[in-house]
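Notes for the one structure printed next.
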Amino acid sequence: MKKLASAKPAALTCPQCGARTISTSGNDTFCNFCEQYVNAGEGAEILFASVHAGIKAGDWEGSTKKVEQLLKTNTEPRLLYLSAVFYDYFSDIRYNDRNYNLQGFMEANAENIGKGVELASLSKNCFYKALKLTDTIIKGNSILDPNIFLIKFLSEMRLGMAVDAMRTLSRIKFNFSQSPITRYANLVYGVETNSKEAEALLSDSITRGQMNAFYYLAKYLAKRDQIDEAYVLLQKFNKMVESPIARELTIQVISARNASEA
Ligand SMILES: [Zn+2]
Numbered sequence: 010m011k012k013l014a015s016a017k018p019a020a021l022t023c024p025q026c027g028a029r030t031i032s033t034s035g036n037d038t039f040c041n042f043c044e045q046y047v048n049a050g051e052g053a054e055i056l057f058a059s060v061h062a063g064i065k066a067g068d069w070e071g072s073t074k075k076v077e078q079l080l081k082t083n084t085e086p087r088l089l090y091l092s093a094v095f096y097d098y099f100s101d102i103r104y105n106d107r108n109y110n111l112q113g114f115m116e117a118n119a120e121n122i123g124k125g126v127e128l129a130s131l132s133k134n135c136f137y138k139a140l141k142l143t144d145t146i147i148k149g150n151s152i153l154d155p156n157i158f159l160i161k162f163l164s165e166m167r168l169g170m171a172v173d174a175m176r177t178l179s180r181i182k183f184n185f186s187q188s189p190i191t192r193y194a195n196l197v198y199g200v201e202t203n204s205k206e207a208e209a210l211l212s213d214s215i216t217r218g219q220m221n222a223f224y225y226l227a228k229y230l231a232k233r234d235q236i237d238e239a240y241v242l243l244q245k246f247n248k249m250v251e252s253p254i255a256r257e258l259t260i261q262v263i264s265a266r267n268a269s270e271a
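Residues in the sequence shown are numbered consecutively from 10, following my numbering.
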């Protein structure tokens, strides 16, 4: 936590999804919003600029429609992955913004929940499509692109396909042993699957100035029922960056705290 307080962050725009993201130091910069490698060069930033503008203005409906339109003309894995991330984010907002004070007006809540579920299924669908495309690209190319492997790996993790993700991780380690993508995928897998190395991986990534490692540390703490520590860390993290995955975890941590107080 001290490390997070002493981090010297610099804001930059993710060349992939167009989100404002925080970099601390070194080359290990992965977007706080979409988790793509930020030094990967040209991306879809401009395509998603209008989606972000909508998010900033609180126009969720309009932003969702813009993602829908982007998907009509683009079928590359990165775009499908990013659309999945956006749909997941919108789903979470819709689902959690249901209002318990509505009482007699539960129709509005039912609509929010229904829309949340619908968006979550659109998100899953996009992750599956991204996966299919990455598989085709990997099979058909002798030159391997680590960014394509990262999209495949993260899509498998988001879909809960841990066995497939483990296989992809082995291929990432084998093909790109020195890449920051290998370190990042290792960290994600280690924390999500409670591996013995999780703590060492977290400490290494935090030392390297990997901002998202603080989110994974919060997740690690929450998985070990250290809810208050996870909560404090997330509060700090959320103040610095906008991260859909951290938002989701924060909601879970708050409800765990409320449940223990009740
Ligand atoms: Zn991004």
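Glycine included, each C-beta is placed from N, C-alpha and C at the ideal position.
- Task: Kindly identify the DSSP beta-bridge partner or partners of threonine 259.
- Result: Beta-bridge pairing links threonine 259 to no other residue.
- Query: Could you check where the alpha helix (DSSP H) with leucine 226 kicks off and where it finishes?
  - Reply: 221-232
- Message: Determine whether the beta carbon atoms of methionine 249 and proline 24 lie at a separation below 8 angstroms.
- Response: no
- Task: Put leucine 131 into one of helix, strand or coil per three-state DSSP.
- Result: helix
- Buried/exposed call for glutamate 95, threshold 16 Cβ in 10 Å: Before going on, a small fix: residue 95 reads as phenylalanine here, not glutamate. Phenylalanine 95 comes out buried.
- How about glutamine 45: is its Cβ closer than 7 angstroms to a heavy atom in ligand 1? yes
- Report buried or exposed for glycine 67, applying the criterion of at least 16 other Cβ atoms within 10 angstroms of its Cβ. exposed
- Message: Just checking glutamine 25 against ligand 1 - is the residue's beta carbon closer than 7 angstroms to any of the ligand's heavy atoms?
- Response: yes
- Residues bridged to arginine 29 (per DSSP): Thr22
- Nonlocal neighbours in the same chain, by C-beta distance under 6 angstroms from alanine 93, ignoring five residues either side: Ser132, Cys135, Phe136
- Identify which residue in Trp69, Leu56, Asp101 has its Cα closest to the Cα of threonine 84. Leu56
- Task: Return the chain-ordered list of same chain residues with a C-beta closer than 6 angstroms to the C-beta of serine 32, the five sequence neighbours on each side being excluded.
- Result: Ala19, Leu21, Thr38
- Task: Can you give me the Cβ contacts of proline 155 inside the same chain, cut-off strictly under 6 angstroms, excluding the 5 residues immediately before and after it?
- Result: Phe185, Ser188, Ile190
- Message: Given the structure, does alanine 28 come close to ligand 1, in the sense that its CB is under 7 angstroms from one of the ligand's heavy atoms?
- Response: yes
- Regarding phenylalanine 223 and ligand 1, is the C-beta to nearest heavy atom distance less than 7 angstroms? no
- Message: Any contact between the region 228-241 and the region 255-267? By contact I mean 3 or more CB pairs, one from each, below 8 angstroms.
- Response: yes
- Query: Counting only runs that start and end within the region 156-188, where is the beta strand (DSSP E) found for 3 or more residues in a row?
  - Reply: none
- Task: Could you tell me the boundaries of the alpha helix (DSSP H) in which glycine 63 lies?
- Result: 54-65
- Query: What is the residue span of the alpha helix (DSSP H) that valine 94 lies within?
  - Reply: 86-105
- Proximity of glutamate 44 and asparagine 267 at Cβ, strictly below 8 angstroms: no
- Report the residue from Trp69, Ala207, Arg87 whose alpha carbon sits nearest the alpha carbon of lysine 232. Ala207
- Query: When the cut-off is 8 angstroms and only beta carbons count, does glutamate 270 lie next to chain B?
  - Reply: Among the chains in the structure shown there is no chain B, since it carries only a single protein chain.
- Task: Below 8 angstroms on the Cβ atoms is my guess for tyrosine 198 versus alanine 174; work out the distance and round it to an integer in Å.
- Result: 6 angstroms
- Residue range of the alpha helix (DSSP H) that includes threonine 202: Run containing threonine 202: none; DSSP gives neither H nor E here.
- N-terminal and C-terminal residue of the alpha helix (DSSP H) that tyrosine 46 is part of: Per DSSP, tyrosine 46 belongs to no alpha helix (DSSP H) and is neither H nor E.
- Query: If you measure from the CB of phenylalanine 42, is any heavy atom of ligand 1 nearer than 7 angstroms?
  - Reply: yes
- Can you name, in chain order, every residue of its own chain whose Cβ lies under 8 angstroms from the Cβ of tryptophan 69, other than the five neighbours on each side? Gly63, Phe99, Ile102, Arg103
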